[in-house]
Amino acid sequence: MSDEVTINRFLTNAVNVGAHASRVSKTEDLDEAIQRAVGDAELIYCPSVTEVEKNLRLPSNRRTDDYTVANVCVEEVLGAIAETGSLISTSHRGKPVQASLLPSHHVALVSSDNIYATLNDFFDSFSESLPTNITLITGPSRTADIELTLTIGVHGPERLTVIVL
């Protein structure tokens, strides 16, 4: 279980890299936080693989099974790194990693038990083989040209919302 210092460090660093980050402790608070995050997005993708994802109350008339057309992806990620404010997304259990990269807004849910102080702590936690695909997400997508003109959202989501459970 992550300690409070590690969780707070993650939340602070996630905000420092441009994410909107919050923490909830009750199911009702999670539902409210997700509703605020998705707002009036037309199409919402959720893989519905984990128990948390299966129990989310997302508007059924705005859900899609096709992440390539979604405006928002709401998913539980495998974990997070406090040192950098990064999320850990993997292809385990058949989750498409690209689902977090294509929609313009990624809403990532992370269990406080899965927040690691450092990347090495994350790798040290595996007693079995690592997932085939691991993607580290640190804030919204950013890129700069040779003149250092910063552009947000070219190679991934323009917005990143993190909710710690």
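The sequence shown begins at 391 in our numbering and counts up by one. Where a beta carbon is used, it is the ideal one built from N, C-alpha and C, also for glycine.
Same chain, Cβ closer than 8 Å to residue i, neighbours up to 5 away in sequence not counted
| i | result |
| --- | --- |
| Asp-421 | Leu-446, Arg-447 |
| Arg-483 | Val-439, Thr-440 |
| Thr-396 | Ala-472, Ile-505, Tyr-506, Ala-507 |
| Gly-529 | Ala-404, Val-407, Gly-408, Ala-409, Gly-475, Leu-550 |
| Thr-417 | Asn-445 |
Contacting residues, own chain, Cβ-Cβ under 6 Å from residue i (five flanking each side not counted)
| i | result |
| --- | --- |
| Val-552 | Ala-404, Ala-409, Ala-411, Ala-498 |
| Glu-465 | Pro-437 |
| Leu-525 | What sits at residue 525 in the sequence shown is Thr, not Leu. Correct list, in chain order: Ser-479, Val-487. |
| Val-554 | Arg-413, Val-500, Ser-502 |
| Lys-485 | Pro-437, Val-439 |
Strand pairing of residue i, partner residues [DSSP]
| i | result |
| --- | --- |
| Thr-551 | His-410, Val-497 |
| Arg-452 | According to DSSP, Arg-452 bridges with nothing at all. |
| Ile-434 | Arg-453, Val-462 |
Residue from the options whose Cα sits closest to the Cα of residue i
| i | options | result |
| --- | --- | --- |
| Gly-429 | Ser-501, Thr-528, Val-500, His-496 | His-496 |
| Pro-493 | Val-395, Arg-549, Glu-443, Arg-399 | Arg-549 |
| Arg-413 | Asp-503, Pro-437, Ala-489 | Asp-503 |
| Arg-452 | Tyr-435, Val-467, Arg-426, Glu-518 | Tyr-435 |
| Val-442 | Asp-456, Ile-424, Ser-392 | Ile-424 |
| Ala-431 | Leu-555, Phe-516, Thr-454 | Thr-454 |
Nonlocal neighbours in the same chain, by C-beta distance under 7 Å from residue i, ignoring five residues either side
| i | result |
| --- | --- |
| Val-459 | Leu-433 |
| Ser-481 | Val-487, Pro-521, Thr-522, Asn-523 |
| Asn-406 | Gly-475 |
| Lys-444 | Ser-438 |
| Phe-512 | Gly-469, Ile-471, Ile-478, Tyr-506 |
Contact under 8 Å by Cβ, residue i with residue j
| i | j | result |
| --- | --- | --- |
| Leu-477 | Val-462 | no |
| Ser-450 | Val-467 | no |
| Ala-489 | Phe-400 | no |
| Leu-491 | Pro-547 | yes |
#### Entry: Contiguous alpha helix (DSSP H) assignments of at least 4 residues, all confined to the stretch 457-531
Counting only runs of 4 or more, we get 509-514.
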